[in-house]
Amino acid sequence: MSSNIYEHYMLREILEEPDALRRTIDLERDRIRSVANRIVAENYEMFYIAGSGTSYHAGLASQYALSNLSGLMASALPASEFDRWVPKRISRRTLLIAISQSGESSDILKAADAASERGIPILAVTNTPGSSLAEKADFQFYPRSGRENAVPATKTYVTQLMSLFMFSLELAIRRVGNDELSDFRERLYMAPQAVECTLRSLISEVREASGRFKDLNVIFLLGSGANYATALEGALKLKETCNVFSEGFATREFLHGPLRLVNEDTLLIMIATPDEIRSVVELNRSLKGFGAFTMLISEGTPVVERLSSEVDEIFTVSSGMPWIFSPLLYVLPLQVFAYYSSVIRGFNPDRPEKLRKVVR
Numbered sequence: 000m001s002s003n004i005y006e007h008y009m010l011r012e013i014l015e016e017p018d019a020l021r022r023t024i025d026l027e028r029d030r031i032r033s034v035a036n037r038i039v040a041e042n043y044e045m046f047y048i049a050g051s052g053t054s055y056h057a058g059l060a061s062q063y064a065l066s067n068l069s070g071l072m073a074s075a076l077p078a079s080e081f082d083r084w085v086p087k088r089i090s091r092r093t094l095l096i097a098i099s100q101s102g103e104s105s106d107i108l109k110a111a112d113a114a115s116e117r118g119i120p121i122l123a124v125t126n127t128p129g130s131s132l133a134e135k136a137d138f139q140f141y142p143r144s145g146r147e148n149a150v151p152a153t154k155t156y157v158t159q160l161m162s163l164f165m166f167s168l169e170l171a172i173r174r175v176g177n178d179e180l181s182d183f184r185e186r187l188y189m190a191p192q193a194v195e196c197t198l199r200s201l202i203s204e205v206r207e208a209s210g211r212f213k214d215l216n217v218i219f220l221l222g223s224g225a226n227y228a229t230a231l232e233g234a235l236k237l238k239e240t241c242n243v244f245s246e247g248f249a250t251r252e253f254l255h256g257p258l259r260l261v262n263e264d265t266l267l268i269m270i271a272t273p274d275e276i277r278s279v280v281e282l283n284r285s286l287k288g289f290g291a292f293t294m295l296i297s298e299g300t301p302v303v304e305r306l307s308s309e310v311d312e313i314f315t316v317s318s319g320m321p322w323i324f325s326p327l328l329y330v331l332p333l334q335v336f337a338y339y340s341s342v343i344r345g346f347n348p349d350r351p352e353k354l355r356k357v358v359r
């Protein structure tokens, strides 16, 4: 794909996500299965998952998948907090999953060193073979996003999610093993087509919506379960690209204080899988009662279609993805919305002021 076709790298890299996911499946499937075999054989009981920024959000989504699929204990935390939160003495067989696009971020390298000091082996999930993180690790696999030029991470995020979901699933198949997990695997491997279809249907309507909301500078994103991580990632993308105040919350947690900030200058983005839709209907009515603008990201079900008169904007993603892997699709409207919102507000989404691709 020629870089001359697009005004910015960020849009190009979002549209490259289906191919990046295909590469990750094709090139990493065997390596991930081999790593899963070794980890099951060594009987690890506890998983810490560390990353910074977008990589932390990928870790949070993978914690949800890992613990729900396999029943293993998993805890995601920012890489910079690893040494403070993890006990010096570990009684269980424990593994650190260290996530970093570059493999060179100072915070993840310090977390890896802290893990080594505790005798905790390391699984590196990095886009960069031969990086410092990969060299420190006992196990490695590599999301195959290809080079990412824009500072805001997009295709690196979805390939991190894909590789971590593949790993969580392979681990669960080896520990639990049932027909549902085999079905999940087949459907997960269909993600590239689902992402491609979703992006194709979203671009023009998201671009138009970005213009309607361009004067709103307070944006809250609400998500539950695995899509709590999606809410955090969407908020980060909006901060990076648009220089707006944006925060992600667990959906019900938003009612415990932050609701006080809602007014007619606020945009609320609600992220909900089909089985969560009914619970956000009343929330939407309350938010509209306070004057807020609301947006819904879900799948195109009849219930969602009936909400079109109550919600200011609805973006739908392809259906059929297991709920536990839904962050792969539900983040897409947020990436595209952040991109077009940045452009329409006069910013360069590729090079946000004050930010760097690698924090050392």
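According to numbering that gives the first Met the number 0, the sequence shown is numbered sequentially starting from 0.
Note that beta-carbon positions come from the ideal geometry of N, C-alpha and C, so glycine has one too.
Remember, predicted model here, so these are calculated numbers, not experimental data.
For M165, the uninterrupted alpha helix (DSSP H) run begins and ends at 154–174, by DSSP. As for any alpha helix (DSSP H) of minimum length 4 sitting wholly inside the region 248–326, the runs are 276–288, 301–305, ordered along the chain. Take the alpha-carbon of I121 and the one of S66: they are about 18 Å apart.
Taking the Cα positions, A75 is about 19 Å away from A35. Bounds of any beta strand (DSSP E) do not take in I89, whose DSSP letter is neither H nor E. When the Cα atoms are used, S131 and Q100 turn out to be separated by approximately 12 Å.
Closest option to Y227, judged by alpha-carbon separation, among S209, I31, R21, Y55: Y55. Going by DSSP, V335 is part of no beta strand (DSSP E) but of the alpha helix (DSSP H) stretching over 331–343. Spanning the alpha carbons of K287 and P348 requires a straight line of approximately 30 Å. Measuring C-alpha to C-alpha distances from A60 to each of G176, I98, L14, R37 identifies I98 as the nearest. Around the C-beta of M9, 16 or more other C-beta atoms lie within 10 Å, and the residue is accordingly described as buried. For G50, there is no enclosing alpha helix (DSSP H); the residue is found in the beta strand (DSSP E) stretching over 45–50. Within the same chain, A19, R22, T23, L26, E27, T158 come within 7 Å of R143 by CB-CB distance, once the 5 residues on both sides are set aside.
Within the region 12–61, the complete alpha helix (DSSP H) runs of at least 4 residues fall at 16–40. DSSP places A113 in the uninterrupted alpha helix (DSSP H) bounded by 105–116. Just so you know, the alpha carbons of V217 and G345 end up roughly 17 Å apart. Looking at the backbone, the Cα of D29 and that of V124 are separated by about 15 Å. Taking 9 Å as the cut-off, the Cβ atoms of F324 and A225 count as close.
About 4 Å separates the Cβ atoms of R91 and M45, confirming a contact at the 8 Å cut-off. T240 is the residue among L221, A113, T240, I172 whose C-alpha sits nearest the C-alpha of V150. For A75, there is no enclosing alpha helix (DSSP H); the residue is part of the beta strand (DSSP E) that begins and ends at 72–77.
As computed with DSSP, T125 is found in a beta bridge with S99.
Taken through DSSP and simplified to helix, strand or coil, F81 comes out as helix. Around the Cβ of I4, a 10 Å sphere holds fewer than 16 other Cβ atoms; the residue is exposed. Here P301 is exposed, its C-beta having fewer than 16 other C-beta atoms within 10 Å.
E275 and L108 have their C-alpha atoms spaced approximately 38 Å apart. Contact check for G210 and I296: beta-carbon distance about 18 Å, past the 8 Å limit, so the pair fails to qualify. The three-state reading of DSSP puts S130 in coil, since its state is none of H, G, I, E or B. Under the DSSP assignment, F183 falls outside any beta strand (DSSP E), being part of the alpha helix (DSSP H) whose first and last residues are 178–187. Across the structure, R251 and G129 are spaced so that their CA atoms are roughly 43 Å apart.
The straight-line gap separating the alpha-carbon atoms of I268 and P17 is approximately 25 Å. Within the same chain, L220, L333 come within 6 Å of G233 by CB-CB distance, once the 5 residues on both sides are set aside. For G210, the uninterrupted alpha helix (DSSP H) segment begins and ends at 190–211. Contact holds between the region 305–314 and the region 197–212, because three or more Cβ pairs, one in each stretch, are under 8 Å apart. Straight-line measurement puts the Cα of W84 at about 11 Å from the Cα of A110.
In the DSSP annotation of this structure, the continuous segment of the beta strand (DSSP E) that includes G222 starts and ends at 217–222.
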